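Residue numbers (the numbering used here): 4 to 396.
C-beta atoms are modelled at their ideal positions from N, C-alpha and C, and glycine is treated no differently.
All of these numbers come straight from a predicted model, not from anything done at the bench.
Single-structure report; data block below.
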């Protein structure tokens, strides 16, 4: 392993990276330069829902690159690839979510959503949830709930307030001065926290009563990860604004903010260019995203996520060292009780050729989020390695 990799003019995000030297990736496997295969049980942190190097996605990217890549800043030219992706998404969304604005990442989608809510309401107050994670740019970080990640970068956005996730009595903090409430439909970095249907419906009702825009962040839990195409479908509500990212691009970088045509028009004037992005709606990620969406739909992978998640949970929960398994679909937090045990499990799995990962805000649990294309046989093989890790942790 080349431990001097980051000395070659590349910045680091941590002093202790996994530091695998990657040669290629295929299906659920990542192969290093020594030819060793690793089961990718985190999918690049819920990005590679379609697996790695799927032929339909590779072909779509090649076809688009041969036509053109960047030609103009977003919103000025008509381009078929983002138009196609928008059509696919909105055909599976409620009528009030009929207009997409494609950006470069999930955190930019959240930035744009917060701006849109302020523009629509003329208000400044923002409400988010404790334990939330919405990204690391200034606005997105401002509405994230992990103070350890925030303190060194203050001051952040003013007038941001935090409620407890899934605690109905806190919804009274949403008032007529609130521009937006931003919530992960299923909290990811907090360790896969799933709200009650009653709380989500009370949240929707409170936003309706106060005129606050409800932003649902499905950057991690969307695009089939939770067992339904969009996680909010499981709670009987519809957001005012939906944000997507991660898996949206089939392995390419892209994000989206989605709302009604009427609301999205507010970004066109007073001022014009209310949100502007050079590379948003880039045709190559758009083409990859459309190909991934169609492949996962055509091959039935979205429909099988719930069954696969139940299988993995059943295989792992029998071990006495497992304190709790929190999951929905193929979005897992395995609670081991303490950070030291988690560290040993993750390291053992990596040594045995399986990639798991940590949570920033939930150190006593580790993360599993495999490609949705994973087979039942592959899930059983992965569970066997993880159970071995439990034995020695």
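{"Query": "Roughly how many angstroms separate the alpha carbons of residue 84 and residue 65, rounded to a whole number?", "Result": "13 Å"}
{"Query": "Could you compute how far the alpha carbon of residue 330 sits from the alpha carbon of residue 262?", "Result": "28 Å"}
{"Query": "Helix, strand or coil for residue 72, going by three-state DSSP, please let me know.", "Result": "coil"}
{"Query": "Any contact between the stretch 303–317 and the stretch 277–291? By contact I mean 3 or more CB pairs, one from each, below 8 Å.", "Result": "no"}
{"Query": "I'd like the list of long-range same chain contacts for residue 136, defined as Cβ closer than 6 Å, with 5 residues on each side in sequence excluded.", "Result": "147 and 192"}
{"Query": "Keeping to the same chain, check which residues put their C-beta closer than 6 Å to that of residue 51; ignore five residues upstream and five downstream.", "Result": "254 and 374"}
{"Query": "Taking 8 Å as the limit between beta carbons, can you name the residues of its chain near residue 328, skipping five residues before and five after?", "Result": "316, 319, 320, 335, 336, 337 and 338"}
{"Query": "By the DSSP assignment, the alpha helix (DSSP H) with residue 311 in it spans what residues?", "Result": "304–319"}
{"Query": "Restricting to runs no shorter than 4 residues, where is the alpha helix (DSSP H) found entirely within the stretch 145–179?", "Result": "none"}
{"Query": "Could you spell out the range, first to last residue, of the beta strand (DSSP E) harbouring residue 271?", "Result": "That residue, residue 271, is in no beta strand (DSSP E); it is neither H nor E in DSSP."}
{"Query": "My understanding is that residue 183 touches residue 216, with C-beta atoms under 8 Å, so please give their C-beta distance in whole angstroms.", "Result": "4 Å"}
{"Query": "Quick one: what does DSSP say residue 210 is sitting in, helix, strand or coil?", "Result": "helix"}
{"Query": "So, with DSSP's three-state summary, where would you put residue 383?", "Result": "helix"}
{"Query": "Can you find a C-beta in chain B that's less than 8 Å from the C-beta of residue 241?", "Result": "Of the protein chains in the structure, only one exists, and it is not chain B."}
{"Query": "Going by beta carbon distance, what residues of the same chain come within less than 8 Å of residue 359, once the five residues before and after it are set aside?", "Result": "44, 45, 348, 349, 352, 353, 369, 370, 371 and 389"}
{"Query": "Can you give the Cα-Cα distance for residue 12 and residue 210, rounded to whole angstroms?", "Result": "47 Å"}
{"Query": "Just how far apart, CA to CA, sit residue 257 and residue 104?", "Result": "11 Å"}
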